[in-house]
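Worksheet for the structure shown next.
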Amino acid sequence: MEIREMLLTNKRSAPGVRITPKGLVIHWTANEGRGADAVANRQYFNRPSTQASAHYIVDDTQTVRCIPEDEMACRVGAGTNGKYTFVIK
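This is the structure in C-alpha coordinates:
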(Lines of atoms letter the chains of each structure in order from A and count residues from 1; the text may use other names and numbers.)
(Lines give C-alpha, C1' and ligand atoms only; values in the text may rest on other atoms or scores of the structure.)
Protein backbone atom coordinates (compact mmCIF):
# COMPACT_ATOMS: atom_id res chain seq x y z
CA MET A 1 0.00 0.00 0.00
CA GLU A 2 1.34 3.41 -0.97
CA ILE A 3 1.63 6.09 1.73
CA ARG A 4 0.25 9.47 0.66
CA GLU A 5 1.91 12.42 2.36
CA MET A 6 -0.70 15.05 3.24
CA LEU A 7 0.85 16.89 6.18
CA LEU A 8 -1.53 18.92 8.34
CA THR A 9 -1.27 22.71 8.23
CA ASN A 10 -3.65 23.27 11.17
CA LYS A 11 -1.35 24.23 14.07
CA ARG A 12 -4.00 23.19 16.64
CA SER A 13 -3.77 19.61 15.35
CA ALA A 14 -0.09 19.66 14.37
CA PRO A 15 1.68 22.03 16.79
CA GLY A 16 5.20 21.14 15.61
CA VAL A 17 6.36 19.94 19.05
CA ARG A 18 9.34 17.59 18.64
CA ILE A 19 9.13 14.15 20.28
CA THR A 20 11.16 10.98 20.65
CA PRO A 21 8.50 8.22 20.42
CA LYS A 22 8.73 5.38 22.93
CA GLY A 23 5.41 3.71 22.17
CA LEU A 24 2.63 3.23 19.63
CA VAL A 25 -1.08 4.01 19.92
CA ILE A 26 -3.51 2.46 17.44
CA HIS A 27 -6.90 4.14 17.68
CA TRP A 28 -10.19 3.38 15.92
CA THR A 29 -12.05 6.51 14.77
CA ALA A 30 -15.46 4.76 14.75
CA ASN A 31 -16.13 6.77 11.59
CA GLU A 32 -17.66 4.25 9.21
CA GLY A 33 -19.96 6.58 7.29
CA ARG A 34 -20.07 6.75 3.51
CA GLY A 35 -16.96 8.54 2.24
CA ALA A 36 -15.23 8.35 5.63
CA ASP A 37 -11.88 7.30 4.21
CA ALA A 38 -8.36 8.25 5.30
CA VAL A 39 -8.38 11.47 3.26
CA ALA A 40 -11.74 12.57 4.71
CA ASN A 41 -10.45 12.00 8.24
CA ARG A 42 -7.29 13.95 7.39
CA GLN A 43 -9.45 16.82 6.11
CA TYR A 44 -11.36 16.80 9.42
CA PHE A 45 -8.09 17.00 11.38
CA ASN A 46 -7.01 19.95 9.23
CA ARG A 47 -10.09 22.09 10.01
CA PRO A 48 -9.09 25.23 11.97
CA SER A 49 -11.49 24.36 14.81
CA THR A 50 -10.19 20.78 15.26
CA GLN A 51 -7.58 19.89 17.87
CA ALA A 52 -7.03 16.20 17.13
CA SER A 53 -4.69 14.27 14.87
CA ALA A 54 -2.63 11.18 14.20
CA HIS A 55 0.64 10.51 12.48
CA TYR A 56 -1.04 8.14 10.01
CA ILE A 57 -4.63 7.38 9.04
CA VAL A 58 -5.30 4.02 7.41
CA ASP A 59 -8.38 2.77 5.56
CA ASP A 60 -9.06 -0.27 3.37
CA THR A 61 -7.19 1.11 0.36
CA GLN A 62 -4.79 3.84 1.45
CA THR A 63 -2.57 5.27 4.15
CA VAL A 64 -2.21 9.01 4.70
CA ARG A 65 0.75 10.49 6.59
CA CYS A 66 -0.43 13.60 8.47
CA ILE A 67 2.40 14.41 10.87
CA PRO A 68 6.13 13.60 10.80
CA GLU A 69 7.09 10.80 13.20
CA ASP A 70 9.29 13.14 15.26
CA GLU A 71 6.43 15.57 15.99
CA MET A 72 3.62 15.25 18.54
CA ALA A 73 0.08 14.36 17.41
CA CYS A 74 -2.87 15.79 19.36
CA ARG A 75 -5.05 12.87 20.44
CA VAL A 76 -7.26 11.84 23.32
CA GLY A 77 -5.17 11.89 26.48
CA ALA A 78 -2.16 13.38 24.69
CA GLY A 79 -0.95 15.28 27.74
CA THR A 80 2.43 14.07 28.91
CA ASN A 81 2.06 10.71 27.13
CA GLY A 82 1.62 12.49 23.79
CA LYS A 83 5.28 13.40 23.97
CA TYR A 84 6.23 9.73 23.86
CA THR A 85 3.79 8.03 21.49
CA PHE A 86 3.38 7.55 17.77
CA VAL A 87 -0.30 7.46 16.70
CA ILE A 88 -2.11 5.52 13.95
CA LYS A 89 -5.88 5.83 13.37
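Residues 993 to 1081 in our numbering are what the sequence shown spells out, letter by letter. Built from N, CA and C at the ideal position, the CB exists for glycine as well. Predicted model only: the values in this text are computed from it and were never measured.
Rounded to the nearest whole angstrom, the CA to CA distance from D1052 to I1059 is 20 Å. Counted as a single uninterrupted DSSP element, the stretch harbouring V1009 is not any alpha helix (DSSP H), since DSSP gives it neither H nor E. Shown here, R1034 sits in a helix according to DSSP, grouped into three states.
Within the DSSP bridge table, the entry for T1077 names G1015 as partners. In this structure, the beta-carbon distance from A1030 to V1050 falls below 9 Å. By the C-beta density criterion, L999 is exposed, having fewer than 16 other C-beta atoms within 10 angstroms. Taking C-beta separations shorter than 6 Å and ignoring five residues to either side along the sequence, the partners of N1038 in its chain run L1000, N1002, following chain order. About 15 Å separates the beta carbon of A1046 from that of V1009, a gap too long to meet the 8 Å contact definition. If you draw a straight line from the Cα of S1041 to the Cα of A1022, it comes to about 20 Å.
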